[in-house]
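In what follows, a structure is listed as structure tokens, so that the remarks can point back to it.
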Amino acid sequence: MGCAGHPFVQTPHLDTLASMGTRFENTYCPYPLCAPSRAAF
């Protein structure tokens, strides 16, 4: 992705989305299902 600093990949929509929100570079998923993972935030 361009927002992650890749020199060749162009992802303008994802770059815009990343600039308006929170982007995690190093994450850990405590549980493979969606709801418990969101609750962990």
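Going by this note's numbering, the first residue of the sequence shown is number 352, and it counts up by one from there.
We put the beta carbon where it would ideally sit given N, CA and C, even for glycine.
Out of 372, 373, 389, 374, which has the shortest C-alpha to C-alpha gap to residue 380?
Per the Cα distances, 389.
Secondary structure at residue 380, three-state DSSP: helix, strand or coil?
Of the three classes helix, strand and coil, the one that applies to residue 380 here is coil, per DSSP.
Cβ of residue 382 less than 8 Å from any chain C Cβ?
Protein chain content of the structure displayed is limited to a single chain, and chain C is not contained in it.
In angstroms, rounded to a whole number, what distance separates the CA positions of residue 355 and residue 376?
Take the alpha-carbon of residue 355 and the one of residue 376: they are about 8 Å apart.
Between which two residues does the alpha helix (DSSP H) holding residue 363 run?
363-371 is the extent of the alpha helix (DSSP H) around residue 363.
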